[in-house]
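Numbering (my numbering), first residue to last: -15 to 361.
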């Protein structure tokens, strides 16, 4: 359970960046299209970063150095991002922020799944992150100290929370090292064995799911404050995270019963409904119901994706496997989704964007259906 503390503090950082990064950019005076580009740059760093730091971790067989460096990048980029209103400068520090933030998570996922082994309960450890996210977003909603309504205040919270995360990482025991196979002295030289048809289909489903979700992560906060005139950003993000806790906590039992691949498909089908609610029910009740569906769309999907990767990728290449998930299955689609989303919002509005992005989970469910039909032949 040593990894519960880093998860707890890392998701405090998440509670700042995920709901409020777009608001930070809006506070600097950028419009929706430029915000989409900057969010795309931030997420684009999550394509290459996990591979770089994942390869580094696999090569040396240790995760703590990479975790410290990635969180230090968040610390370094936060304040400059809020102090300078220049598209080039903003893009540069968004890149550095994304490189650190998006590269830290696959390292944490890798070291955790290796440390707990095949019989461990990842979902219970990951619940610590959900709890901290809920507490922090509710704290922000109450605006007790440094309300997150200006770029500088948002950046200060990034600094504070990243510092706490770094402190928690320092206390990860040295024994949490990469586990090698018998007689293996270095990292595996080839990844050819993991590229099965099922693994590729799983990555495609992850990517399409994340492409659909990018509209939520990137633009929901702006949708609430600008289109619906509802100052409930922290509350709605907290509601989403609260809904995910039961599924996250019970995920091991659910996945053991139905299989990781099937659980990803169910979660993706729930995402279709969630997107339609945003698009066609622009009322408080519709948004609340859509946020409650985060229970399936993330609370079940994420542990299922982690389980799927852990099953397909051996421990000595686990950082690579998690990097594939966070890069090709998350970073690249979110990069594309933020740019596309910003363009659609600029010219057609938020509801149109959510409607268009419903297409991606529909395609993902189709990929699942075709894959299962092929396996039954």
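Backbone N, C-alpha and C fix where the C-beta goes; we use that ideal spot for every residue, glycine too.
The structure displayed is predicted, hence computed values, not measured ones.
Inter-residue distance for residue 257 and residue 347 is about 14 Å (C-alpha atoms, whole angstroms). The alpha carbon of residue 118 has as its nearest neighbour, out of -2, 92, 197, 14, the alpha carbon of -2. Runs of the beta strand (DSSP E) spanning 3 or more residues and lying entirely within the stretch 78 to 158 do not occur at all. Between the alpha carbons of residue 181 and residue 315 lies a gap of roughly 21 Å. The C-beta separation of residue 142 from residue 0 comes to about 5 Å, placing the pair in contact by the 8 Å criterion. In the three-state reduction of the DSSP assignment, residue 22 falls in the helix class, which pools H, G and I. In the DSSP annotation of this structure, residue 46 is not part of any alpha helix (DSSP H), being labelled neither H nor E. If the five residues before and after residue 80 are omitted, its C-beta is found closer than 8 Å to the C-beta atoms of 29, 57, 60, 61, all from its own chain and listed in chain order. In the three-state DSSP reduction, residue 16 falls in the helix class (H, G or I).
Between residue 198 and residue 15, the beta carbon gap of about 18 Å keeps them out of contact (Cβ cut-off 8 Å). Around the Cβ of residue 359, a 10 Å sphere holds fewer than 16 other Cβ atoms; the residue is exposed. Rounded to the nearest angstrom, the gap between the Cα atoms of residue 281 and residue 254 is 6 Å.
Spanning the alpha carbons of residue 90 and residue 310 requires a straight line of approximately 6 Å.
Here DSSP, grouped into helix, strand and coil, assigns residue 180 to coil. The C-beta separation of residue 186 from residue 245 comes to about 6 Å, placing the pair in contact by the 8 Å criterion. If you look at residue 317, you'll find it in the alpha helix (DSSP H) that goes 316 to 332. By the neighbour-count criterion, in which 16 or more other beta carbons inside 10 Å mark a residue as buried, residue 155 falls on the exposed side. By a beta-carbon distance limit of 8 Å, residue 130 contacts residue 140. Their separation comes to about 6 Å. Counting along the chain, residue 291 sits inside the alpha helix (DSSP H) bounded by residues 285 to 296. Judged by DSSP secondary structure, residue 234 falls within the alpha helix (DSSP H) whose first and last residues are 217 to 242. In the structure shown, residue 245 adopts helical secondary structure according to DSSP, grouped into three states.
In the DSSP assignment, residue 355 falls within the unbroken alpha helix (DSSP H) covering 343 to 360.
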